[in-house]
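Note that the numbering used here gives residue 895 to position 325 of the sequence shown, counting from 1, and the numbers run on in steps of one.
Note that the Cβ used here is the ideal one computed from N, Cα and C, for glycine as well.
Small disclaimer: the values here were computed from a predicted structure and weren't measured.
Structure first, commentary second.
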Amino acid sequence: MNTEFFTALELLEKEKGIPQAYMMEKIEAALVSAFKKEYGNNTNVRVHIDPAKKDVRVYQQKEVVEVVEDPGTQISLEDAKAISKRNTLGKIVEFEVKTKNFRRLSAGAAKSVIIQGIREGEHKAMQEAYESKREEIITATVDKIDYETGAVVLNTGTGRAVLPRSEQIPGEYFEVGDKIKVFIQEVNKELRGPLVTLSRVHPGFVRRMFELEIPEITDGIVLIKGVSREAGSRTKISVYSRDESVDAVGACIGSHGMRIDSILRELCGEKIDIVKYSESPEEYVTAALAPATVLSVEMETERFCKVTVAPDQLSLAIGKEGQNVRLAARLTGIKIDINAEGLVKG
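Below you can see the structure in the form of structure tokens.
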């Protein structure tokens, strides 16, 4: 029986990632619980688990006393001497208890503790696996789709997790069996709530896509300085080259747009503006307002500027429903007020 028990622990560690040491603690607690249900809460017990010998033993402990007041925790000196002449007053005498003698109620309590331990162990193992990949992109398989809520259940290889509709790129469609990339946004350290928050709309998703697809970014030659995104519509990403001979924007686009194309496909055609980062706020704002052409930028304060564009560039600079200027402001961290040349705000 003990051999089977330790084999089961090995399988739990191998298949579910639950360390044997963790489960041994839970099993020890379960046996103590079962013992106390059987013999009373005031009794003393010691559990000995020996993985090397594949042995589990439970011992009831009693103190050697002159006069026994509590038979559950004490033994008389006379009785103790009958067991061993070495026993003296104050010494602890142990009696092995066979776990097979535990009643069904006690065994059931032990089983409940072990099952709960397995669940907690699974949760902890998955949590640690996800934590090591937090703010990274993983590839998962669509396992199930809830057509009422639009949520997608994914098999991540570590377990199952939900990609809510709110974290999916607007307009994208999945089928069971599809392989998709997701960004691990958060890992929940509590037992309640979802274990992991997955996203395809988080700005970090685009950042990681560029880091995966652009060798110069992977190698640290080109740095991503900022990302602002409205998923499904448009993203602005600013990049900077640490090597003057490398064009940061060109490296991200690639020959004939080959590098950026693979990212665009993953983002379902979402538009991406690649902006050259500059320490000069005027230059940075000018670049961030692309594809509009900027005539001038005047910094009123460190975080506020006035921009002038030609009249035919005004709508392009502002963008549909203000999207272009909004994304540019988020990217640069500067509030932008745009005016057309020759026009005065009334």
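Secondary structure note for glutamate 868: its beta strand (DSSP E) is the uninterrupted segment 864-871. When DSSP states are grouped into helix, strand and coil, asparagine 894 belongs to the helix group. Residue environment for isoleucine 597: buried (at least 16 other C-beta atoms within 10 angstroms of its C-beta).
Put simply, the backbone Cα of glutamate 783 is about 26 Å away from that of valine 732. Closest in alpha carbon position to tyrosine 847, among Ser808, Ser866, Met593, is Ser808.
8 Å or more divides the Cβ of alanine 858 from the Cβ of glutamine 883. In this structure, DSSP gives threonine 767 an extended state, which the three-state scheme calls strand. At a cut-off of 3 residues, the continuous stretches assigned as beta strand (DSSP E) that sit fully inside the stretch 572-643 are 614-620, 625-635. For histidine 772, the number of other beta carbons within 10 angstroms of its own is at least 16, and it is reported as buried.
In summary, valine 637 is exposed, with fewer than 16 beta-carbon neighbours lying within 10 Å of its beta-carbon over all protein chains present. Per DSSP, threonine 788 is one residue of the alpha helix (DSSP H) stretching across 785-788. Exclusion of the five residues before and after aspartate 817 leaves Ser811 as the residues of its chain whose Cβ lies within less than 8 Å of its Cβ. For valine 855, same chain residues with a beta-carbon under 8 Å away, outside a window of 5 residues either side, are Val864, Val867, Cys875, Val877, Ala898, Thr902, Ile904, Ile906 in chain order. In the structure shown, the three-state DSSP call for cysteine 822 is helix. By the CB criterion at 8 Å, glutamate 692 and isoleucine 588 fall inside the cutoff.
An exposed status is given to leucine 581, since fewer than 16 other beta-carbon atoms sit within 10 Å of its beta-carbon.
According to DSSP, residue pairing for phenylalanine 665 in a beta bridge involves Gln630.
Here asparagine 894 is buried. Its C-beta has 16 or more other C-beta atoms within 10 Å. Proximity of the stretch 603-617 to the stretch 628-648 meets the contact definition, three or more beta-carbon pairs being nearer than 8 Å. Using a Cβ-Cβ distance cut-off of 8 Å, the stretch 686-700 and the stretch 716-725 are not in contact, since fewer than three pairs of beta carbons, one from each stretch, lie closer than that value. Listed in chain order, the non-local C-beta contacts of lysine 703 below 6 Å within the same chain comprise Ile754, local neighbours out to five positions each way being set aside.
Under a 10 Å Cβ-count criterion, glutamine 686 is classified as exposed, with fewer than 16 other Cβ atoms of the shown protein chains found around its own Cβ. Under the Cβ criterion (8 Å, minimum of three pairs), the stretch 784-798 does not count as touching the stretch 742-752. Leucine 886 has its alpha-carbon roughly 26 Å from the corresponding atom of phenylalanine 780. Arginine 770 counts as buried, since at least 16 other C-beta atoms from the protein chains shown sit within 10 angstroms of its C-beta.
Going by C-alpha positions, alanine 860 is about 7 Å away from aspartate 843. Annotated as proximal: isoleucine 739 and cysteine 838, with beta-carbon spacing under 8 Å. Boundaries of the alpha helix (DSSP H) around arginine 829: 828-836. Secondary structure note for leucine 859: it is in no alpha helix (DSSP H), with a DSSP letter that is neither H nor E. In the DSSP assignment, leucine 659 falls outside any alpha helix (DSSP H) and carries neither an H nor an E. Here the alpha carbons of glutamate 585 and threonine 805 stand approximately 41 Å from one another.
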